[in-house]
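Take a look at the structure below.
There are 2 protein chains.
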Amino acid sequence: MGQKRQIPAPSVERLCRYERCLAKAARSGMSRISSQELAALCGVTPEQVRKDLSHFGSFGRRGVGYDAAGLCEELRRILGLERKRRIAIVGIGNLGTALAGYAGFEARGFEVVGLYDNNPARVGHLVQGIRVRHIDQLATDNQRAQIDIVVLAVPESAAQAAAARVVAAGIKGILNFAPTRLKVPDHVVVRDVDMTAELECLSFWVAQAEED
Amino acid sequence: MGQKRQIPAPSVERLCRYERCLAKAARSGMSRISSQELAALCGVTPEQVRKDLSHFGSFGRRGVGYDAAGLCEELRRILGLERKRRIAIVGIGNLGTALAGYAGFEARGFEVVGLYDNNPARVGHLVQGIRVRHIDQLATDNQRAQIDIVVLAVPESAAQAAAARVVAAGIKGILNFAPTRLKVPDHVVVRDVDMTAELECLSFWVAQAEED
DNA sequence: CTGTGTGAATCAATTCACAGCT
DNA sequence: AGCTGTGAATTGATTCACACAG
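Sequence lines, in order, name chains A and F.
Okay, so the first sequence: first residue is 0 according to my numbering, each after it adds one.
Okay, so the second sequence: first residue is 0 according to my numbering, each after it adds one.
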């Protein structure tokens with residue numbers, strides 16, 4: 000069932016960038032914007048912008064350009080950001096705690112509605128004004144909390160088991176900070192953020208650049 | 000200068016995964032490993048593994064497979080991980096503080112050797128046993144600290160200016176957590192970690208999956 | 001004349017298929 | 001026979017170039 004991939008994933012990633020740049024441009028008073036200008040703001044090419052947008056429809060006027068605020072709104076709709084998305088954080092260690100307090104999420108319309116951990120020593124504590132609950136409660140909580148996405152910030156050793164809990168709770172999206180490839184059913188979407196791997200790649204390219 | 004990358008970036012990203020899986024396999028007593036087995040552990044195809052490795056040489060024996068520990072060692076050499084890499088964190092807010100205490104970095108051979116901020120209220124504080132210094136001191140500190148990579152955890156509004164400081168200090172790699180495309184000279188390598196964009200992409204794919 | 005939208009061409013990455021070592 | 005290493009084929013993404021609308 001998970002084979003519907005007519006939209007290239009890199010396009011979707013760029014749409015987020017476009018939306019952010021458009022919002023900023025619109026806020027600073029720009030009403031019309033060309034693919035040229037938008038591309039310059041985002042660090043891509045104008046034809047890339049137009050091609051990416053063309054997967055979803057045609058939003059500009061030939062010879063004129065795009066309405067900055069209008070296109071921004073369209074992108075928010077395409078990305079599913081018109082309604083506030085509800086997220087829960089699973090794993091309230093060092094990283095999870097920081098993420099719970101990360102202002103960037105709220106600022107972009109992601110509301111942290113729950114914090115979960117399996118360590119009894121952490122359950123019950125208040126973190127950023129939210130009480131940490133036991134992961135056992137995730138499934139029942141989700142019936143009324145309607146969690147869209149879980150941010151998984153548990154250690155590698157606990158990641159697969161925690162992911163299984165999340166899937167069992169009926170949650171469809173996981174942002175995974177553990178350095179493991181999670182095995183989940185096709186209808187669940189996972190994106191990985193592997194900070195250590197990023198450092199290792201950097202390490203490689205830096206060394207590579209030195210070889211000249 | 001940043002001319003030919005004959006090595007595909009996706010291959011490098013996978014090499015990190017291979018290294019991690021190999022280390023785990025070797026630790027658990029496996030001495031020989033086939034591309035088939037390694038691929039299964041990493042969630043890729045065997046020919047992908049072999050093609051990725053082939054960019055750097057030939058490390059296996061036909062009809063036999065690879066020596067797990069030996070290949071792991073080769074990968075560490077390729078990725079530039081034989082020597083400990085020294086990192087500094089710039090921006091000691093919520094996120095920077097969490098990253099300073101993130102055990103995963105040390106565990107993978109990245110040593111946090113400095114914390115920097117431009118906010119006088121934060122300078123001088125001890126965070127994870129390291130005293131926060133003013134970003135003005137980065138350039139002189141780097142002459143003896145030999146920082147390989149900076150983790151940039153400042154707000155979007157401060158990111159470009161902070162990056163300029165990092166570049167001026169002679170540091171060649173930046174792991175950027177701010178949702179901005181940094182403008183840096185060609186000889187400096189940047190990798191972006193945009194957690195909000197990741198959530199937005201998830202939001203899209205989750206909505207997409209629901210359309211059935 | 002300007003700037004979008006899009007098929008066609010190019011470039012990059014993945015997968016296939018098989019030759020060659022053990 | 002078993003498994004690697006690698007050109008060839010294929011799939012996918014980006015760039016080009018131009019028709020078309022304002």
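Ideal placement from N, C-alpha and C gives every residue a C-beta, glycine not left out.
Given the structure is predicted, the values throughout are model-derived calculations rather than measurements.
- In the DSSP annotation of this structure, F:I91 is not part of any alpha helix (DSSP H), being labelled neither H nor E.
- Listed along chain A are N93, L94, M194, each with a C-beta nearer than 8 Å to that of F:Y101.
- Within the same chain, and ignoring the five residues on either side of F:N117 in sequence, the residues whose Cβ sits closer than 6 Å to its Cβ are I134.
- Chain F has a Cβ within less than 8 Å of the Cβ of A:F203.
- Looking at the backbone, the Cα of A:G113 and that of F:G42 are separated by about 31 Å.
- As summarised for the stretch 86 to 128 of chain A, the continuous beta strand (DSSP E) elements at least 3 residues long and confined to that stretch are 109 to 116, given in chain order.
- Contact of A:L78 with chain F by beta-carbon distance below 7 Å involves E199, S202, F203.
- Per the DSSP secondary-structure output, F:R60 pairs in a beta bridge with F:G64.
- Legend: CB atoms of the stretch 169 to 195 of chain F lying less than 7 Å from CB atoms of chain A belong to residues K171, G172, L174, P178, R180, H186, V188, R190, V192, M194, T195.
- With respect to A:A152, A:G90 sits close: the two C-beta atoms are nearer than 8 Å.
- The Cβ atoms of F:R190 and F:L201 do not sit closer than 8 Å to each other.
- Under the DSSP assignment, A:R180 falls outside any alpha helix (DSSP H); it carries neither an H nor an E label.
- In this structure, F:L37 keeps its C-beta atom at 8 Å or more from the C-beta atom of F:L74.
- Taking CB atoms only, A:R164 has no neighbour in chain F less than 8 Å away.
- Residue F:S27 holds the alpha-carbon nearest to the alpha-carbon of F:A67 among F:S27, F:R85, F:E81, F:F55.
- In this structure, the CA atom of A:R130 is about 8 Å from the CA atom of A:V122.
- Using a Cβ-Cβ cut-off of 8 Å, A:G42 counts as an interface residue toward chain F, since at least one Cβ of chain F sits closer than that to its own.
- Annotated as distal: F:F203 and F:V192, with beta-carbon spacing of 8 Å or more.
- The beta carbon of F:N141 lies closer than 7 Å to those of A168, G169, I170 in the same chain, with the five residues before and after it left out.
- In this structure, DSSP gives A:R13 a helical state, which the three-state scheme calls helix.
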